[in-house]
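Peer 1: In order, the protein sequence lines correspond to chains W and C. Per the numbering used here, the first sequence runs over residues 571 to 759. Per the numbering used here, the second sequence runs over residues 571 to 759. Ideal Cβ positions, reconstructed from N, Cα and C, are used throughout, including at glycine.
2 protein chains.
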Amino acid sequence: MESLSPTAYVILGMVHKEPRSGYEIKSIVDNTTRFFWAASYGQIYPELKRLSEAGLVVGADAPTGGRRRTVYEITADGEEELVAWLRQPPVTFEMREEGLLKLFFADALPREEVPGILRAMREHRLAANEKLRAMEPMAQEKDDPFPLLVLRGGLEFTEWFADWCERMEAQILAAAAKPPPPRKGAADV
Amino acid sequence: MESLSPTAYVILGMVHKEPRSGYEIKSIVDNTTRFFWAASYGQIYPELKRLSEAGLVVGADAPTGGRRRTVYEITADGEEELVAWLRQPPVTFEMREEGLLKLFFADALPREEVPGILRAMREHRLAANEKLRAMEPMAQEKDDPFPLLVLRGGLEFTEWFADWCERMEAQILAAAAKPPPPRKGAADV
DNA sequence: TAGAGATATATCGATCCGATATATCTACGC
DNA sequence: GCGTAGATATATCGGATCGATATATCTCTA
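1. Rounded to a whole number of angstroms, what is the C-alpha to C-alpha distance between GLU650(C) and ARG703(C)?
2. Identify the contact partners of LYS672(C) in chain W, using a Cβ-Cβ distance below 8 Å as the criterion.
3. Given that ALA732(C) touches chain W, what residues does it touch there, using C-beta distances under 8 Å?
4. Expressed to the nearest angstrom, what Euclidean distance is found between the alpha-carbon atoms of ARG692(C) and ALA608(W)?
5. State whether the region 659-679 of chain C contacts the region 574-586 of chain W, with contact taken as three or more CB pairs (one from each stretch) at a distance under 8 Å.
6. Check VAL661(W) in the structure and name its three-state DSSP category.
7. Identify which residue in PHE731(W), LEU718(W) and ARG695(W) has its Cα closest to the Cα of THR602(W).
8. Residues of chain C with a CB under 8 Å from the CB of MET705(W): which are they?
9. For a contact meaning CB atoms closer than 8 Å, what does ARG681(W) contact in chain C?
10. Which partner residues does THR645(C) have in the DSSP bridge list?
11. Strictly below 8 Å CB to CB, what residues from chain W border VAL720(C)?
12. Distance check for THR662(W) and GLU668(C), CA to CA, integer angstroms please.
13. In its own chain, which residues sit with a C-beta less than 6 Å from the C-beta of CYS735(W), not counting the 5 before and 5 after it?
14. For GLU617(C), is the classification buried or exposed, using 16 other Cβ atoms within 10 angstroms of its Cβ as the cut-off for buried?
15. Taking 7 Å as the limit between beta carbons, can you name the residues of its chain near ALA761(W), skipping five residues before and five after?
16. Which whole-angstrom value is the C-beta distance of TYR642(W) and GLY629(W), which I expect to be below 8 Å?
17. Could you give the distance in angstroms between the alpha-carbon of THR645(W) and the alpha-carbon of ALA578(C)?
18. Step through the CB atoms of chain C and report whether any lies within less than 9 Å of the CB of ALA746(W).
19. Quick one: complete alpha helix (DSSP H) runs, 4+ long, within the region 711-753 of chain C?
20. Looking at the strands, I want to know which residues DSSP matches up with VAL628(C).
21. Residues in the same chain with beta-carbon distance under 7 Å from GLN658(C), minus the five sequence neighbours each way, listed in chain order, please.
22. Looking at chain W, is there any beta carbon in it that lies within less than 9 Å of the beta carbon of PRO576(C)?
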């Protein structure tokens, strides 16, 4: 059998404790893992079928009234697959951060506008921090301590990042205030 | 005109200071922005054509011997477009982190195996830190200070993250050592 | 009882990613 | 001079992913 896509493991993890429908999985992902691992309907529904064919989950009809609905439960094989994956060292680490990209190209901007990038980045991170903070009570209710651990990691991370932006802004302002360092033309083309 | 994809701005930024070929752009991206904004050939070459048609860059034949080669230079319109984008607050912030995903589902693992996840995450971050550190001399040579600023942000981030992993590992070990907290069955199904 | 919003599944186009095919160049060993 | 390994250069493909939306049924509320 070909190896599973990482998204497959999100699904296995999501149905590990209780059977869930594709819709439920999507809702939970959007409220939890999406900050470090997202999944769309276009991945979830086909993946559930594949996992079902591979015998790692089993679907059961569970209609709500006349609306068809399938809840998927993990199998012993699926459980084994999930645990084996959890034991492997992590591989994927990716980031797409428009703020850092802008900062990287900031030399194309007049120097006095650069602190604005860092200020915007900082505000962006603080807004994210508030969103995460609003989710904390929900995570605290759960018996499983790990989602809360991860959430608090997210909180700490956004705070660290916001602080870094503040420090870099101060550093740039300080450098601009004191000695106008000898630089060859740029940003003033 | 429809708005440009974020990848288009990477390209505009990359050709902002000097004309470059698609191949050069790819190499530079792989050595710099890829940690927070990647781009593949499959994006770069078609995008260069689109930007050229939109008049934001101009291509010029610059063959090396009998091997055809096109270098692209930014136009006044392209410059304007780039600067206007730099002035907008950042929107995209995405992460795909397999380690956090595993930690999130760690309840499916026997408790004594959880520290191993954090240890592996920490090692992963430290390895990334070393890769970044190896790039520092190159960034220091440049006249443009912002790539170095961003790189040092990456160094600090990987260090913060590695430290967080260490602290969380210690926390879990401490919690396991002292009071076996009353938990309903899980991880032992 | 009409309508808004949640539940549920499915799918589409655009984007993105990794890998590879093709071709030409340079550098090096022999 | 010859072969070849690796860099340069462009192009493209399949698969994964993303965001949005179509369709249908349910529940809740004004």
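Peer 2: Result, derived from the coordinates:
1. CA-to-CA, the gap between GLU650(C) and ARG703(C) works out to about 34 Å.
2. Those within 8 Å of LYS672(C) in chain W are TRP655, LEU656 and PRO660.
3. For ALA732(C), there are no C-beta contacts with chain W under 8 Å, since the nearest C-beta of that chain is about 12 Å from it.
4. Spanning the two alpha carbons is a distance of roughly 22 Å.
5. Touching, per the Cβ criterion.
6. The answer is coil: DSSP assigns VAL661(W) none of H, G, I, E or B.
7. The residue with the shortest Cα to Cα distance from THR602(W) is LEU718(W).
8. Here the premise fails: no neighbours, minimum Cβ distance about 13 Å.
9. For ARG681(W), no chain C residue has a C-beta closer than 8 Å to its own C-beta; the minimum C-beta separation is roughly 10 Å.
10. THR645(C) is not bridged to any residue.
11. Result: LEU670, LEU673 and PHE674.
12. So the two alpha carbons sit approximately 5 Å from each other.
13. Excluding sequence neighbours, CYS735(W) sits near LEU688, MET691 and ARG692.
14. So GLU617(C) ends up on the buried side.
15. This structure gives no information on residue 761(W), because the portion of chain W shown stretches from 571 to 759.
16. Confirmed, about 5 Å.
17. If you take the alpha carbons of THR645(W) and ALA578(C), they lie about 45 Å apart.
18. Chain C, which has no Cβ nearer than 9 Å to the Cβ of ALA746(W), makes this no.
19. When DSSP assignments are scanned along the region 711-753 of chain C, the uninterrupted stretches of alpha helix (DSSP H) that are 4 or more residues long and fall wholly within it turn out to be 716-747.
20. DSSP lists GLU643(C) as partners of VAL628(C).
21. Within the same chain, no Cβ atom closer than 7 Å to the Cβ of GLN658(C) is found once the five residues on either side in sequence are excluded.
22. For PRO576(C), the answer is yes, since a Cβ of chain W falls inside 9 Å of its Cβ.
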